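**Q**
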Amino acid sequence: MHKLCTNMPSRSDKKERRVMETVKVVISGVGGQGTLLASRILAEASINAGLSVKIGETYGMAQRGGPVMGHIQIGGKAYNPQIRKGEADALVAFELAEATRRGITYLKEDGLALVNSRITAPVEVISGMVPYPPKNKLLSLLNKVTKNVYDFDATKLAEEAGDSIATNVVMLGALSKSGVLPYDEEILLKTLEESLHPRFLELNMRAFNLGKNAFKRL
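Going left to right, the sequence shown walks through residues 46 to 263 as my numbering numbers them.
#1: Compute the beta-carbon to beta-carbon distance between lysine 257 and lysine 235, rounded to the nearest angstrom, for a pair I have assumed lies under 8 Å.
#2: Taking DSSP as the reference, what is the three-state secondary structure of leucine 241?
#3: Would you report the Cα separation of glutamate 61 and leucine 96, rounded to the nearest angstrom?
#4: Please state whether the Cβ-Cβ distance between alanine 144 and valine 170 is less than 8 Å.
#5: Report buried or exposed for tyrosine 151, applying the criterion of at least 16 other Cβ atoms within 10 angstroms of its Cβ.
#6: Starting from glycine 101, trace the beta strand (DSSP E) in both directions and tell me its first and last residue.
#7: Using CA coordinates, which residue listed in Ala206, Ala83 and Lys192 is at the minimum distance from leucine 248?
#8: Express the C-alpha separation of leucine 82 and glutamate 102 in angstroms, rounding to a whole number.
#9: For the beta strand (DSSP E) containing serine 73, list its first residue and its last residue.
#10: Counting only the same chain and skipping the five closest in sequence on each side, list residues whose C-beta sits under 8 Å from that of leucine 157.
#11: Does the Cβ-Cβ distance between serine 162 and aspartate 208 come in under 8 Å?
Listed below in structure tokens is the structure:
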């Protein structure tokens with residue numbers, strides 16, 4: 046398992062960082078889902094909001110289907126790049142099985158679990174090492190930790206926007222309406238505009254808005 050940790054201070058042209066209680070978000074998925082890109086966009090948006098941020102990343106086998114996780118700590122004082130188990134305010138899970146195998150251990154009691162219900166088989170399933178567990182069993186495991194479980198097919202919404210590759214942006218859109226983030230969704234949108242290639246901007250704006258609307262309906 047590889048790890049990367051980064052302190053991301055506010056830029057000199059930003060207003061002085063606000064001191065606040067740390068908001069802790071874990072993003073989990075498998076290789077190829079854009080998990081780390083979503084983590085970095087979330088961290089950059091926090092800087093644009095004038096907040097300090099610490100980001101830690103872990104990833105397993107460097108191949109499609111390997112486990113990937115981002116730890117984002119926004120505001121306040123965070124000394125360890127990895128969020129302690131049982132302390133995350135939100136788990137944003139791009140893949141349900143990975144959410145219950147790794148991500149769930151970081152979520153605090155009654156934290157927010159935002160889950161993409163579309164199955165993307167982890168490498169252990171692809172290789173035949175283990176079968177994919179039943180969806181209702183996986184959701185039951187999440188419900189034992191928190192009553193705030195919101196699952197929806199984010200990949201389907203990304204496909205409606207134009208390409209399944211935008212699943213990560215759909216999930217960010219949903220997160221923006223959850224009330225977890227300590228800044229307005231406009232800051233996250235502006236960061237997306239600055240971070241993504243112009244060629245894919247329209248696609249990702251559609252994906253973001255579909256994610257927002259999906260959360261409002263949950």
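Just so you know, even glycine gets a beta-carbon here, dropped at the ideal spot from N, CA and C.
Since we're looking at a predicted model, the values are computed, not measured.
**A** On the basis of the supplied data:
#1: Contact check for lysine 257 and lysine 235: beta-carbon distance about 15 Å, past the 8 Å limit, so the pair fails to qualify.
#2: coil
#3: In this prediction, glutamate 61 scores a pLDDT of 44, lower than 50, which makes its location untrustworthy; no coordinate-derived value is stated.
#4: no
#5: buried
#6: 98-104
#7: Ala206
#8: Their backbone Cα atoms lie some 11 Å apart in a straight line.
#9: 68-75
#10: Asp134, Ala135, Leu136, Thr191, Asn193, Tyr195, Ser223 and Val225
#11: No; because the gap between Cβ atoms is not below 8 Å, this pair is not in contact.
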